[in-house]
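In UniProt numbering, the protein residues as written are 1 to 332. For glycine and all other residues, C-beta sits at the position ideal for the given N, C-alpha and C. Because the structure is a prediction, the values reported are computed rather than measured.
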């Protein structure tokens, strides 16, 4: 099959997601364009490492590795990058399943040698069976999904979204790996934005680089009931503000907040108006959605202020050594 070989990295950390992990791997193995390999990177959990190693010991294209860096998603991804063999490295969340042509759509875009990263569309699977009436689509990033305001189709973007993304190997050669200290760390505060920071560094290192989102490359992401609640919404918005402060500290506010300015000045006000209009028309959840958008903005802004103060004491870092040719197939 023509086109790049693609390695898929799935970072995992808890046995609570056992069935989700198996489903994620199965969706990769069922791709119309086969992956070169699937790498399961376990984040400092020896029991889960043992269990997955036994589960996939007879499956040659699936390898189970241990995170060779500090605890957290960024170091786990860097471990997967270092161990992978593909021309392209794709990332899939451990609680998501990819549609059959996911990798095929990624591969098509890399026919242009200037393309350094390609992301896709992430659709929520609500544990309650439907979207909460108060939950605005403009804030679907809170639950790791594609949100209203992103352009449709195959489009150039500043950054891809990490749970459904791919990078040409040359991108890591040019920019290094994911910054540790920005992304998630197991069950701690739900930080993010590590892919944003990497993508900005990448385009600085390679000004000719093209980054794309293809909304045909679809994954379905499970949203547990705990994340359907307003308390999580508020916590995640605050954490996003903290993360944006780290990104701005690392790469500068101009680039670090470039897309966010359009989102805050155009997309969110339109969402508030839409919610209020629905409330006037007695449509369910309209007032709640408008209120959630306002609350989300204020909470994220508060997180950004706090994060900016903290970032002055020391920003996020990444290590090229994390991308060294290390053997990840052990547990600590």
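Beta-bridge pairing by DSSP links residue 37 to 7.
The beta-bridge partner set that DSSP reports for residue 166 consists of 90, 118. Here residue 18 is not bridged, per DSSP, to any residue. Excluding five sequence positions before and after residue 303, the CB atoms of its chain that fall closer than 6 Å to its own CB belong to 238, 241, 242, given in chain order. About 6 Å separates the Cβ atoms of residue 268 and residue 293, confirming a contact at the 8 Å cut-off. Beta bridge pairing from DSSP links residue 65 with 41.
In the three-state DSSP reduction, residue 30 falls in the coil class, being neither helix nor strand. Cβ-Cβ separation between residue 38 and residue 61: approximately 6 Å, consistent with a contact (criterion under 8 Å).
DSSP places residue 59 outside both helix and strand once states are collapsed to three, so it counts as coil. In this structure, DSSP gives residue 268 a helical state, which the three-state scheme calls helix. Residue 48 sits in a helix when the DSSP states are folded into three classes.
Put simply, the backbone Cα of residue 127 is about 34 Å away from that of residue 83. For residue 296, the CB contacts under 6 Å within the same chain, skipping 5 residues up- and downstream, are 139, 237 in chain order. Between residue 96 and residue 24 the beta-carbon gap is near 6 Å, inside 8 Å, which marks them as a contact. In its chain, beyond the 5 residues on either side, 115, 118, 154, 212, 214 have a beta carbon closer than 8 Å to the beta carbon of residue 109. Exclusion of the five residues before and after residue 272 leaves 290, 293, 294 as the residues of its chain whose Cβ lies within less than 8 Å of its Cβ. Judged by DSSP secondary structure, residue 156 falls outside any alpha helix (DSSP H) and instead within the beta strand (DSSP E) spanning 154 to 156.
Within the same chain, Cβ atoms closer than 6 Å to the Cβ of residue 224 are found at 127, the five residues on either side in sequence being excluded.
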